[in-house]
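Quick notes on the structure that follows.
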Amino acid sequence: SKFIKVLYLPPNTTPILQPMDQQVISNFKKLYTKHLFRRCFEVTESTNLTLREFWKDHFNIVGCLKIIDHAWLGVRTR
1 SKFIKVLYLP
11 PNTTPILQPM
21 DQQVISNFKK
31 LYTKHLFRRC
41 FEVTESTNLT
51 LREFWKDHFN
61 IVGCLKIIDH
71 AWLGVRTR
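When we follow full-length UniProt numbering, the leftmost residue of the sequence shown carries the number 1, and every step to the right adds one.
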């Protein structure tokens, strides 16, 4: 596919790359949580919805993917 590029890494590179992965994952998780709760507060503050109603009726896969996209765009490279 023109959208997917497969790269092969040399053997024994995991110990070198793993600390970098951990930092990226940690940053992504923090940003995802921040954006998720921001969205949650926006919806519950502007309506009479409870937090439970938000999760049940106003949070879905599409909303989750939008938050993932927004969080991923916030992850910076060095």
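Note that beta-carbon positions come from the ideal geometry of N, C-alpha and C, so glycine has one too. Since this is a predicted model, take the numbers as computed values, not measurements.
Comparing alpha carbon positions, the residue from Leu-7, Leu-36 and Lys-2 closest to Ile-68 is Leu-36. For Leu-7, the secondary structure class from DSSP, reduced to helix, strand or coil, is coil. Look at the beta carbons and you see the segment 70 to 77 touching the segment 20 to 35: at least three pairs across the two are nearer than 8 Å. Straight through space, the alpha carbons of Phe-54 and Phe-41 are spaced by roughly 9 Å. Under the three-state reduction of DSSP, Arg-76 is assigned to coil, being neither helix nor strand.
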